[in-house]
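A short worksheet on the structure shown next.
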Amino acid sequence: MTVAEPFPWPRAELHSHLDGSLRPATAEELARAEGHRLPLQLVAPPDCPSQAAFLTYFDDPLDLLQTEAALERAARELGEDSAADGVDYLEVRWAPLLHRRRGLSTASVIEAVLRGLAAAPLEAWAIVCAMRHHPVEDNVELARLAGRYAGRGVVGFDLAGNEASWPAAPQRPAFEAARAADLHLTCHAGEAGPPANVEQALDLGVERIAHGVSAARDAGLVARLRSEGVVLDLCPTSNWKCKAVPRLEDHPLPRLVRAGVRCTISTDSRTAAATTLGQEYAIAHRVLGMNEAELRQLDRTAREARFGP
Ligand SMILES: [Zn+2]
Numbered sequence: 267m268t269v270a271e272p273f274p275w276p277r278a279e280l281h282s283h284l285d286g287s288l289r290p291a292t293a294e295e296l297a298r299a300e301g302h303r304l305p306l307q308l309v310a311p312p313d314c315p316s317q318a319a320f321l322t323y324f325d326d327p328l329d330l331l332q333t334e335a336a337l338e339r340a341a342r343e344l345g346e347d348s349a350a351d352g353v354d355y356l357e358v359r360w361a362p363l364l365h366r367r368r369g370l371s372t373a374s375v376i377e378a379v380l381r382g383l384a385a386a387p388l389e390a391w392a393i394v395c396a397m398r399h400h401p402v403e404d405n406v407e408l409a410r411l412a413g414r415y416a417g418r419g420v421v422g423f424d425l426a427g428n429e430a431s432w433p434a435a436p437q438r439p440a441f442e443a444a445r446a447a448d449l450h451l452t453c454h455a456g457e458a459g460p461p462a463n464v465e466q467a468l469d470l471g472v473e474r475i476a477h478g479v480s481a482a483r484d485a486g487l488v489a490r491l492r493s494e495g496v497v498l499d500l501c502p503t504s505n506w507k508c509k510a511v512p513r514l515e516d517h518p519l520p521r522l523v524r525a526g527v528r529c530t531i532s533t534d535s536r537t538a539a540a541t542t543l544g545q546e547y548a549i550a551h552r553v554l555g556m557n558e559a560e561l562r563q564l565d566r567t568a569r570e571a572r573f574g575p
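Next up, the structure:
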């Protein structure tokens, strides 16, 4: 579905995955150069049944982003595509440990992405994602290493991956290591799991939650989010494709905003979700019925809750 853009103004985007936003033309070029199986599977269909199914559209990009050159290019191009979409402040996230299949060190993965972001035509910062299915010791090590880049491009630490199968609480030591390393904290939750998963993420001391859609089903949790001022970085199209909501028009964004919860909107993954930030604002307006003042509030919240200095 394409919805005309209502209010074009410069926007901040806080939730953008490097692998899920790989340009299709670049992916194809890399695949041909490497003899990778074609056609590539990059775009999740509207009837994508679950988060687990949605995540399979990250498999081909991950295969292709295993060299420093590919990582640097993908980061720069994501910055270019975001800038062309009206974004002037961008936080890009990805899981460095998933890019070591061909022998890259974690440090070289991080540095390649930081070089790409530095070359992009907008202000861009990096958030490092630990994966839910990785051993906590590996994620602690990742947090410590990422901390060496705190203030030099990396600003945050996140937990991502299959939420239905892997709880967040056992990863507490990784969050503590990231906090000790002066990184801001966020966590994916409430995208493919109950409100209790959002509660678990809050108990880890995060400042922002990636998605948190299911929190809207629990009045007590909505009250806690409001009183603690924790921000939800929602992604309507991606949330719908992950079946956090059965239909796009059921998305709780307007209800959460009107209940006083601090919310932002993002693409999550420009390619896998097949959207742009302009498109997400258009959906918030035309499909979810939010007015211009509410849309401007989403952007204001993103700028207030940014992890960048
Ligand atoms: Zn995400």
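Numbering (the working numbering), first residue to last: 267 to 575.
All C-beta atoms in this analysis are idealised placements derived from N, C-alpha and C, irrespective of residue type, glycine included.
This structure is a prediction, so every number in the text was calculated from the model and none was measured.
Assigned with DSSP and collapsed to three states, E279 falls in strand. Contact annotation, A434 with L470: C-beta distance approximately 6 Å; criterion of less than 8 Å satisfied. Across the set E515, A458, R490, the C-alpha of E515 shows the shortest separation from the C-alpha of G555.
For H400, the CB contacts under 7 Å within the same chain, skipping 5 residues up- and downstream, are L363 in chain order. In this structure, DSSP gives D354 an extended state, which the three-state scheme calls strand. The C-beta distance from S532 to D499 rounds to 6 Å, short enough to fall under 8 Å. The C-beta of R513 has fewer than 16 other C-beta atoms within 10 Å across all chains shown, which makes the residue exposed. Residues of the same chain with a CB within less than 7 Å of the CB of H365, apart from the 5 flanking positions on each side, are L331, Q332, L337, V375 in chain order. In this structure, ligand 1 has a non-hydrogen atom nearer than 7 Å to the beta-carbon of H454.
For D534, the Cβ falls inside the 7 Å cut-off from some heavy atom of ligand 1.
Closest by C-alpha distance to S535, out of A510, P502, H551, is P502.
Separation of the CB atoms of R342 and G286 is rounded to 16 Å, and the pair is thereby denied contact status at 8 Å.
Here D499 carries a strand assignment [DSSP, helix/strand/coil]. If you compare the alpha carbons of S431, E442, V379 with that of R418, the shortest gap goes to V379. When only Cα atoms are considered, P520 and G369 end up about 45 Å apart. Around P439, the same chain offers V402, V406 as residues with beta carbons nearer than 6 Å, after the five sequence neighbours per side are excluded.
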